[in-house]
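For the sequence shown, our numbering puts the final residue at 995, and the numbers step up evenly by one. Here is the structure we will look at.
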Amino acid sequence: MEQLVAPNAFILFVAGLMLVGVLSSLVAQRFGAPLLLVFLVVGMLVGEDGPGGVAFADYQLTYVVGSISLAIILFDGGLRARHTGVRRALAPAILLATIGVVVTGAVVGGAAWLMLGLDPLTALLLGAVVSSTDAAAVFFLVRAGGLKLRARVNAILEVESGTNDPVAVFLTLLIVEIILAHGRPGFETLWLLFSQAVLGTAIGLVGGAAIRMLLNRVDLPGGLHPIFVIAAALAVFSLAAVLEGSGFLAVYLAGLAVGSRPMRASASVANFHDAATWLCQIAMFMLLGLLVTPSKLLPLLLPALAVAAVLTLIARPLAVLLCLTPFRIPWREQVFVGWVGLRGAVSIFLATIPMLVGIPGAELIFNTTFVVVLASLMVQGWTLTPLARRLGLAMPGVARPVHRVEIDLPGQFAHEVIGYPVTADSAVVDPSMVPRWARPVFVIRAGQVFDPAASGPPVAGDYAYFLAPPDRAADLDRLFSADESGRAARELPILPIDAGAKVAVVAALYGGAVPEEEADLTVAALFDRRFEGAVAEGDTVELGGARLLARTLRDGQVAEVGLVLVDPDAPPPAPPRPSRLSRLGRLVGVHAGGKTLP
């Protein structure tokens, strides 16, 4: 029986380590600390120089665990990407993911050459290792912070962080090959780089389409759909890697392909991936924390922090400026994209490659990379949400998370039943706020089930269930939560406004102020401009003392708009007098009685 003690003790150690990390997250949330930083610090405390005293130096295991974790996280990022926004931001994001990575790596490499005394090739290798924005960190911190960014900014960050990893891998492998070949890059290395991109793209798109087809056609037992999806995603990743393609690019594109069309068991797949990405983050960052020896970081702390400062304040902003300016991206968005170039587990993961192949100076590269990642998580991770709001890039009325229940309907993929608990400040208590694509199904009140016609509007304490498209669940969330100030998503009364009315005319009627460049736009065009073509029903635009609410869409354009008073003490908007109505044409779509749209 003694042979069983060691394995059981290892299981106990791993379980205890994960429990400590999970419980530590509660303290982190109280003080606003990035959760990824907490997991990293817990790993360091358990490691060789910490109270735990565990000596760990298995770079091969770290490489395997890191590969699996990043594959799952990247697939989840592609699965959740908003495809309309992704298409609009594709060109600038791809430029930033390619040329931007090269520029970042070159600038950081030059700084490392000057500050760390490395030879030029080794310094460029360090630059390549830290050149990519970590998709895992970006996706995770934005989602965990409840931050909803403007559509174009969100899409640029999603596409760039999801596609720049292969470029960083290309650069890292290229420089490693050059160093091992004593400075002579060969044809095989160039062919490797080309095949990484081509095979990764092909396998990712084909594999994603195959996953979606099998998921929708094969009748699996209940509960196996999420396991099938995650296993298939890992198969796509590993197949691309075995064939010398980019596994990271392949798995991200597979996620995009799977999420681009309706699929069976979408609710259970999404819930499973939420848990899987949390598990991957905890395992990966704790393992990386175990791997590092803090006492070895102290001698190079100052020069490593200087490299981190060059990366954050010079290299990344310069790359963003060069890549986004040709697309006339506003300076506010450039500032935010330049600042949110988070470095995370991808960089530390890439730093294990020189250690595995035994390149001179590999330990210095690894330790410097660790300091850079730690500084990025502390500085950029802590300021991501405040900066987005300061620059006006956070969506207005960002809601607190709500508890949502999703039920798949067998035999079709276009709709599912979505349920929520109703609170006193839920907008759904006003039936006119419910979009037309969400059909009330039933209400649970005091333990009994009621038909919507019999129950009337939902009240606090109810559980309301709707029939809605799976991809609109996030849009339905806003009806059931208040924004961060505690203000409900509803403000009454609502006055219908014609989507073709001029913004300047609406603003003049209700005391709003709009920028000069938006004054001549129609209300529909204003929504299209503010949301970069990715507007959804329920989105709002502030207009002085009022708020414009997108009530219905047709062909991706706002068709019906409601004007909502933001100030609860303000008098209700009265229907315009006939003389004004004749001058404005179809500005306000109401009758003399002030009826709202159905």
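For every residue, glycine included, the Cβ atom is placed at its ideal position computed from N, Cα and C. No experiment lies behind these values; they were computed from the predicted model shown.
Cβ-based neighbour list, A488, same chain, cut-off 8 Å, excluding 5 preceding and 5 following: Result list for A488: F724, in chain order.
With a floor of 4 residues, list each alpha helix (DSSP H) that falls wholly inside the segment 649 to 700, ordered by position along the chain. Runs of the alpha helix (DSSP H) lying entirely within the segment 649 to 700 and spanning at least 4 residues, in chain order: 663 to 688 and 691 to 694.
Which residues does DSSP pair with L892 in a beta bridge? Bridge partners of L892: L960.
Residue from A632, G816, I679 and N405 whose Cα sits closest to the Cα of V840: Ranked by how close their Cα comes to the Cα of V840, the residues A632, G816, I679 and N405 have G816 in first place.
Where does the unbroken alpha helix (DSSP H) through D925 begin, and where does it stop? In this chain, the alpha helix (DSSP H) harbouring D925 covers V920 to R927.
For the putative contact between T937 and R948, defined by C-beta atoms under 8 Å, what is the C-beta separation to the nearest angstrom? 11 Å between Cβ atoms; not a contact.
Buried/exposed call for P696, threshold 16 Cβ in 10 Å: Exposed, by the Cβ-count rule.
Please confirm if the segment 497 to 514 is in contact with the segment 657 to 667, defined as three or more CB-CB distances below 8 Å between the two stretches. Because the criterion of three Cβ pairs below 8 Å is not met, the segment 497 to 514 and the segment 657 to 667 do not touch.
Between the Cα of V439 and those of G853, S558, L685 and V955, spot the shortest distance and give me the residue it belongs to. Comparing Cα-Cα distances from V439 to each of G853, S558, L685 and V955, the minimum goes to L685.
Which residues mark the beginning and the end of the alpha helix (DSSP H) in which E813 is found? Counting along the chain, no alpha helix (DSSP H) covers E813; the unbroken beta strand (DSSP E) around it starts and ends at E813 to P818.
Note the first and the last residue of the continuous beta strand (DSSP E) segment covering E803. The continuous beta strand (DSSP E) containing E803 extends over residues V802 to D805.
Within this structure, are the beta carbons of W736 and Q678 separated by less than 8 Å? For W736 and Q678, no; Cβs fall outside 8 Å.
Starting from T628, follow the alpha helix (DSSP H) in both directions and report where the run begins and ends. For the sequence presented, residue 628 should be read as Ala rather than Thr. Counting along the chain, A628 sits inside the alpha helix (DSSP H) bounded by residues H622 to V639.
Is the segment 646 to 653 in contact with the segment 457 to 476, if contact means three or more CB pairs nearer than 8 Å? Below 8 Å, enough C-beta pairs join the segment 646 to 653 and the segment 457 to 476 to call them touching: three or more.
Look up E913 in the DSSP assignment and say whether it is helix, strand or coil. Helix at E913.
Out of curiosity, what's the CA-to-CA distance linking A701 and A630? Answer to the nearest angstrom: the Cα atoms are 36 Å apart.
For L434, which residues from the same chain have a beta carbon less than 7 Å from its beta carbon, with the 5 sequence-adjacent residues on both sides left out? Excluding the 5 residues flanking it on each side, L434 has same chain C-beta neighbours closer than 7 Å at L774, M775 and G778, in chain order.
Nearest-angstrom Cα separation, counted from Q731 out to L790: The straight-line gap separating the alpha-carbon atoms of L790 and Q731 is approximately 11 Å.
Could you spell out where the alpha helix (DSSP H) holding T495 opens and where it closes? Segment L487 to L513, the alpha helix (DSSP H) holding T495.
Can you pull the DSSP bridge partners for P837? P837 is bridged to F863.
Beta-carbon within less than 6 Å of P975's beta-carbon, same chain only, minus the 5 sequence neighbours each way: which residues are those? Below a pLDDT of 50, predicted positions are generally treated as unreliable, and P975, at 37, falls in that range; the measurement from the model is reported next regardless. For P975, there are no CB contacts under 6 Å within the same chain when 5 residues up- and downstream are skipped.
What does the Cβ neighbour count give for A578, buried or exposed, with the cut at 16 atoms within 10 Å? In this structure A578 is exposed. Its beta-carbon is surrounded by fewer than 16 other beta-carbon atoms within 10 angstroms.
Would you call F763 buried or exposed, if buried means 16 or more other Cβ atoms sit within 10 Å of its Cβ? Per the 10 Å Cβ criterion, buried.
Pairwise C-alpha distance: L940 and D964: Per-residue confidence for D964 stands at a pLDDT of 47, beneath the threshold of 50, marking its modelled position as unreliable; no derived number is given.
Q593: buried (16+ other C-beta within 10 angstroms of its C-beta) or exposed? When all chains shown are included, Q593 counts as buried.
Could you name the residues of the same chain whose beta carbon sits closer than 7 Å to that of R394, not counting the 5 residues immediately before and after it, in chain order? Absent from the model: residue 394. The displayed extent of the chain is 398 to 995, so no value can be given.
T749: buried (16+ other C-beta within 10 angstroms of its C-beta) or exposed? It is buried - the Cβ of T749 has at least 16 other Cβ atoms within 10 Å.
Can the beta-carbon of L1045 be found less than 8 Å from the beta-carbon of C720? With the chain running from 398 to 995 in the structure shown, residue 1045 is simply not present.
Status (buried if at least 16 other CB within 10 Å, exposed otherwise) for D952: The residue is exposed, with fewer than 16 neighbouring Cβ atoms inside 10 Å.
What does DSSP give as the partner residue(s) for V955 in the beta ladder? Under the DSSP definition of a beta bridge, V955 partners with L950.
Length-filtered (4 minimum) alpha helix (DSSP H) runs lying within the segment 718 to 760: Taking only runs of at least 4 residues, the alpha helix (DSSP H) segments lying wholly in the segment 718 to 760 are 728 to 736 and 742 to 754.
Assign A999 to one of two classes, buried (16 or more other C-beta atoms within 10 Å of its C-beta) or exposed (fewer than that). Summary: the structure shown does not reach residue 999, with the chain confined to residues 398 through 995, and so no result is reported for it.
Beta-carbon within less than 7 Å of R833's beta-carbon, same chain only, minus the 5 sequence neighbours each way: which residues are those? Taken in chain order, the residues that qualify are T949.
How many Å lie between E914 and V550 at the Cα? Whole-angstrom Cα-Cα distance: 20 Å.
Assuming the contact rule is C-beta atoms closer than 8 Å, A490 and A403 should be a hit. Round their C-beta distance to whole Å, please. No, A490 and A403 are not in contact; Cβ-Cβ is about 48 Å, not under 8 Å.
Could you name each continuous alpha helix (DSSP H) segment of 4 residues or more that falls completely within the segment 430 to 474, going from the start of the chain to the end? Listed in chain order, the complete alpha helix (DSSP H) runs (minimum 4 residues) inside the segment 430 to 474 are 432 to 443.
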